[in-house]
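Structure first, commentary second.
There are 4 protein chains.
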Amino acid sequence: MIIVVSPEATPDDIDVIVARIEETGRQAHLSVGTERSIIGVIGPDDPSLQDIFESLPHVESVHRVTKPYKLVSREFHPGASVIDVGHGVSIGGPELAVMAGPCSIENEKHMVETAIAVKAAGANILRGGAFKPRSSPYAFRGLGNDGLRHLATASRETGMPVVTELMSVRDIDAVCEHSDIIQIGARNMQNFILLDEVGMAKKPVLLKRALSGQIEEWLLAAEYIMAQGNPHVILCERGIRTFETAYRNTFDVNAIPLVKELSHLPVIADPSHGTGKLSLVTPVAMAGIAAGADGLMIEVHNNPEHALSDGPQSLTYERFASMMRSVAGIASAVERTLPGVWAPAAAR
Amino acid sequence: MIIVVSPEATPDDIDVIVARIEETGRQAHLSVGTERSIIGVIGPDDPSLQDIFESLPHVESVHRVTKPYKLVSREFHPGASVIDVGHGVSIGGPELAVMAGPCSIENEKHMVETAIAVKAAGANILRGGAFKPRSSPYAFRGLGNDGLRHLATASRETGMPVVTELMSVRDIDAVCEHSDIIQIGARNMQNFILLDEVGMAKKPVLLKRALSGQIEEWLLAAEYIMAQGNPHVILCERGIRTFETAYRNTFDVNAIPLVKELSHLPVIADPSHGTGKLSLVTPVAMAGIAAGADGLMIEVHNNPEHALSDGPQSLTYERFASMMRSVAGIASAVERTLPGVWAPAAAR
Amino acid sequence: MIIVVSPEATPDDIDVIVARIEETGRQAHLSVGTERSIIGVIGPDDPSLQDIFESLPHVESVHRVTKPYKLVSREFHPGASVIDVGHGVSIGGPELAVMAGPCSIENEKHMVETAIAVKAAGANILRGGAFKPRSSPYAFRGLGNDGLRHLATASRETGMPVVTELMSVRDIDAVCEHSDIIQIGARNMQNFILLDEVGMAKKPVLLKRALSGQIEEWLLAAEYIMAQGNPHVILCERGIRTFETAYRNTFDVNAIPLVKELSHLPVIADPSHGTGKLSLVTPVAMAGIAAGADGLMIEVHNNPEHALSDGPQSLTYERFASMMRSVAGIASAVERTLPGVWAPAAAR
Amino acid sequence: MIIVVSPEATPDDIDVIVARIEETGRQAHLSVGTERSIIGVIGPDDPSLQDIFESLPHVESVHRVTKPYKLVSREFHPGASVIDVGHGVSIGGPELAVMAGPCSIENEKHMVETAIAVKAAGANILRGGAFKPRSSPYAFRGLGNDGLRHLATASRETGMPVVTELMSVRDIDAVCEHSDIIQIGARNMQNFILLDEVGMAKKPVLLKRALSGQIEEWLLAAEYIMAQGNPHVILCERGIRTFETAYRNTFDVNAIPLVKELSHLPVIADPSHGTGKLSLVTPVAMAGIAAGADGLMIEVHNNPEHALSDGPQSLTYERFASMMRSVAGIASAVERTLPGVWAPAAAR
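Chains as they are written, first to last, in this note's numbering: chain A, 26 to 373; chain B, 26 to 373; chain C, 26 to 373; chain D, 26 to 373.
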């Protein structure tokens, strides 16, 4: 940590600052400049120190020189993490993960049918929401445990691992029982209690970036999970909130390579939420893979105008299959593979 | 709801849209324009309909014409709500609420001493955090239940109602037992499970605006609480996240009069978080009251450079007292009163 | 400037960095830490150096410790600047400046009538746009030189100094001839050529903050003007662009006290553009003055639904007079005065 | 245009609104709903009408149903525009445009050497700044006309068309004489005077998106140029300003496919400014092409730590060549070609 001292500070003022540094068990290294003096704080970092030093009189600014996270960082774990999510699927290796399915689970028949359709088009992980975060208390909030059971049925029928959102600690056992990956949604990225709890679970966790989550906060949220002993964290960029109103969110493609540089964790691109606009899903999916994402998360619905949520950004089965063909070329250009095409028993 | 039809739509395409509207039990009112046709949807509003209509082919855009919230709106409840928070204090009436105290509760002695000091300077509600949301898992996260007890002690000693943050459903009984107002922090504004739970409690709730929470989302979060039967909701503007890096947050003063116009709920200004910068707290507190806020929430610490959190934005007792004198003139200009000055027994 | 060296850097790598520092004529002060080394750069600051040092191998980050502006800073000029704008009016002293008038100048009669009305309600500076920046090339772009003449007529009739926007270097002579304060609009805050030119003029300049202008960039834009020899710069906060769509812009009230702290220049609040919404103009005007602004800029139109631009945020004469009464109480609370009330000859 | 009437409006109030609509020469089509009435405005669109109708009493909101731009829209010109920029290079066709070169022109020798190097690596357009917009008045502001001459020399030596920024109307003749494409920088996107002037020139114009420019404003800026008779407009996405501080700007990849959908104009991706960070330039360049961009704009400098500006985001010759190899695979996946590799005479 570096402390910049205000120009008007006297040597006595500086002594007060140095004394407070030493009180924390660190050493102070003073460097007297022509206009301002600078004090280097030498010793173990602690995020609370910044606030403490900024509160001292005659301190102009405090600059951190080390990253506030450790377990998620590349420095700590130089190789890329590959996370086994069950049913023979891994995330972070050469094969891309393709998570697809409806925003909300609607019924068993629809879930199974969708699972078969997305697998046939090349998805290898099934998504579906049983617990839905909705801005309005009057909107449909998901089928809950019934939805989890439909998801599990679809998983058994197709052999695909499944991912579903967990909104509350009280549902953690049910979600763990019926799914393979626990999703933490954007609105819960800094629900620290929930992060602690999924950190104590053994399941892989898909951690979505908050609407206004800075990269550092997102990685610290992942650190929460890892600090509780769960190393199986997958990050998901799903668009941020900006001044632009032409789309629901702005997919932050810069985040993909930066997070891969700062962290060893895999990163998934979600162009469905990242754009909120049907016609942009395919090109932004392609962009995400080109930028280095380890996979995609895509909302698919056979009949978007009857979907219980997120219809406007859901691809039909045909458009999803077409998207997969477009992504295939990009995947090959970046030396990644897509899951093999699969045909359900009925079609074989 | 108004549906704008794409220019290329044929009469048959429009029939499909009309049929889907009628399927939802609403009537369609078609208006054929020179360039585009417009369809008015007549019947009860439902937030899910927008997604459904936007998913239809040949729909260019869908415009909502009614507000998505009801219980929190001025149309539903034209008079301003005044919320009794106990110990003879109300929020939303002519007397301003002044919530003051440390960011984190540190120990009983410090809490009681601070309570006496802030009351002496004119505060009428005591704040203090027992459960602290922290970006880093390695930062101090609060004293938990011990903190709640210290807060209750300070409340008894000074006769002030207290407000403290609830982060998890599991702590709701303890927080209700020891405090008078439950705070929902900015990061939990859309933790819908927590909103439901405090909606079922009988306590007043202080609902902070999220870092990137739009006014409509904030009011819908309040609607969650009211929809569960708890009408005692107090809103708190605490700054939003913007591109500006000269302060931690940007206090959104526009929000104060707009929320007072759209809703009957009282609104508190939090210039400590709204600026994150000591020298800005007093002028922004004055601005908040001038704009119509029903009170203030201020971080106070006798020794900011030893505070366990948020030192850089905490006022000392002296600065807090000075701020209160500055606010007094503004309060009087907007025909509001400040709580009367109080002297502890020892000083009488 | 402080350079943080990457952890993997060898002593030889550090030597390369030190050599590049010395090549610029500065001294390098090395401080070896447990995890990273830090190099203080000692000598005169130059904004280009940051880019140069950030481009060096093994440099992790570069932190500036001095402000990049000088002439506009409080360190350079500790007292507040008071700017004489003619006709006996000054900005930055105890009397607040109140600039009022229509968004666009419409005709001579309307301009004179408006001038009389706003002066009667307490304005002391007349505003009116002859050259209008419009997002669309098909919108009304102002009366140009004719507008300037109408403004000058209204100034003569009422004895008020006038402020009007300059959009192009080619109109600088006409604008200087007919007005007392040259306004640089938000979209031209970083039109550096225009800044240079008004820097060479002798007139006071009202410099609006850009929609996404950071405080530092805004002060550097003022520095451009002062660096050319024109010290008469008045800043104007007019709202920034954020994610919030409930208002056209978000008035950044934090900016008012921060700019007063960093700079000696006066600051005007523009709640008309800062909100874009009629019902918010008065409370935000009050907030701006409470936060320390040196005056207001308000759009006034007797018949907003016939205004050639910005009708929705324009106050009628009555609402403007009412706003002035509300502001008067706040002004008095912060020990500022409003211009005296004035009656036109006809009414005396 | 659709006008939503407030619930409290009486039939007489509605008559007033209808009368004002008819006064503008449009027809009003009233649709009485259960909660609110809606009025469709039928007749030619005019951007000023929105303000007028919003200013009327009892108008709750006004919704535009047509786009405010015409010449730039796909509806007006369904096929993609291909723009001939001279020297046998076109932008918008199957071959991608690759604009490369230094941020600032430094001297003739360096410019020619860089031109040869970037052409050898596959660039087909040379970039270089003679007039530099700089936040600080004390930073290097470019070589001016000398720089233009060096650029022209490098163009002659390599046969490449050149692009350079125009900041002021006074330099338009010099810039037109020495360059093939006039660049309008992000800070001048809404410098409407400059847009008018380049609209009257015959040269192709590269129009960068403003830091907080909404898609609609960007297209309207292009409309300014086209409305003056110059159809040769090329758009350039260069990153927007958001809350994220981990990079200088956030490259908005959503904008690429959306602008291609709304407009027939070609779009260039600038990952150098879009990230401001060396390690992100290549992956974001790949993402831009994958999303459908018609080309790239890349800052290249053989010795970034001696560059006069933008060193931290400049690629060396080697990194640029390596980027081109990475982009080649993506280009091929989206059925675009890169300019052929070229060897200077000396190397042949």
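For each residue, glycine too, the CB sits at the ideal point set by N, CA and C.
Cα-Cα separation between residue i and residue j, rounded to whole angstroms
i: Pro282 (chain A); j: Leu340 (chain C); result: 50 angstroms
i: Tyr163 (chain C); j: Asp71 (chain D); result: 8 angstroms
i: Val230 (chain D); j: Val223 (chain D); result: 7 angstroms
i: Gly117 (chain D); j: Leu260 (chain D); result: 11 angstroms
i: Arg61 (chain D); j: His83 (chain D); result: 11 angstroms
i: Ala145 (chain B); j: His326 (chain B); result: 14 angstroms
i: Leu55 (chain B); j: Ile64 (chain B); result: 4 angstroms
i: Thr362 (chain D); j: Leu81 (chain C); result: 34 angstroms
i: Ala371 (chain C); j: Ala353 (chain C); result: Its pLDDT being 45, under 50, Ala371 (chain C) is placed unreliably by the model, and the measurement read from it follows with that caveat. In a straight line, the C-alpha of Ala371 (chain C) is about 25 angstroms away from that of Ala353 (chain C).
i: Pro369 (chain A); j: Val137 (chain A); result: Low per-residue confidence applies at Pro369 (chain A): pLDDT is 47, beneath 50, and the placement is therefore not dependable enough to give any value.
i: Ala316 (chain D); j: Pro308 (chain A); result: 5 angstroms
Contact with chain D by residue i, beta-carbon distance below 8 angstroms
i: Thr300 (chain B); result: no
i: Thr362 (chain A); result: no
i: Arg99 (chain B); result: no
Bridge partner(s) assigned by DSSP for residue i
i: Val233 (chain C); result: Rather than Val, the amino acid found at residue 233 (chain C) in this sequence is Lys. According to DSSP, Lys233 (chain C) bridges with C:Cys261.
i: Met322 (chain D); result: D:Met124
i: Gln52 (chain B); result: B:Ile67
i: Asp277 (chain C); result: B:Asp277
i: Val84 (chain D); result: D:Val30
i: Ala294 (chain C); result: C:Glu262 and C:Leu321
i: Arg152 (chain D); result: D:Val188
i: Ser129 (chain C); result: C:Gly154
i: Asp109 (chain B); result: B:Ser115
Residue-chain proximity (residue i, chain C), Cβ-Cβ < 8 angstroms
i: Val87 (chain B); result: no
i: Pro308 (chain B); result: yes
i: Leu173 (chain D); result: no
Whole-number beta carbon distance between residue j and residue i, since they are thought to touch under 8 angstroms
i: Ala105 (chain A); j: His289 (chain A); result: 6 angstroms
i: Pro127 (chain C); j: Ala332 (chain C); result: 7 angstroms
i: Val278 (chain D); j: Ala235 (chain D); result: Actually they are not in contact, since the Cβ atoms of Val278 (chain D) and Ala235 (chain D) sit about 17 angstroms apart, beyond 8 angstroms.
i: Val87 (chain A); j: Gly320 (chain A); result: Contact doesn't hold; Cβ gap of about 39 angstroms is too wide.
Any C-beta of chain B under 8 angstroms from that of residue i
i: Val187 (chain C); result: no
i: Asp277 (chain C); result: yes
i: Glu60 (chain D); result: yes
i: Met311 (chain C); result: yes
Residues near residue i in its chain [Cβ-Cβ closer than 6 angstroms; skip 5 each side]
i: Asn213 (chain D); result: Leu219
i: Ser237 (chain C); result: Arg266
i: Asn170 (chain D); result: Ala199
i: Ile323 (chain C); result: Ala125 and Ser297
i: Asn255 (chain B); result: Gly224
Cut-off 8 angstroms between Cβ atoms - residues of its own chain near residue i, not counting five sequence neighbours on either side
i: Asn216 (chain A); result: Ile209
i: Ile39 (chain A); result: Val30, Leu55, Ser62, Ile64 and His83
i: Gln52 (chain B); result: Ile46, Val66, Ile67 and Gly68
Cut-off 7 angstroms between Cβ atoms - residues of its own chain near residue i, not counting five sequence neighbours on either side
i: Gly336 (chain B); result: His326, Pro329 and Glu330
i: Glu190 (chain B); result: Gly154, Phe156, Gln208 and Gly210
i: Ile108 (chain D); result: Ser115, Ile116, Gly117, Pro229, His257, Ile259 and Pro291
Proximity test, Cβ basis, 8 angstroms: residue i and chain A
i: Asn213 (chain B); result: yes
i: Arg263 (chain C); result: no
i: His433 (chain C); result: The shown model of chain C, from 26 to 373, leaves out residue 433 (chain C), and the question about it has no answer.
i: Pro369 (chain B); result: Residue placement at Pro369 (chain B) is poorly supported in this model, since its pLDDT is 47, which falls under 50; the coordinates still yield a value, given next. For Pro369 (chain B), the answer is no, since every Cβ of chain A falls outside 8 angstroms of its Cβ.
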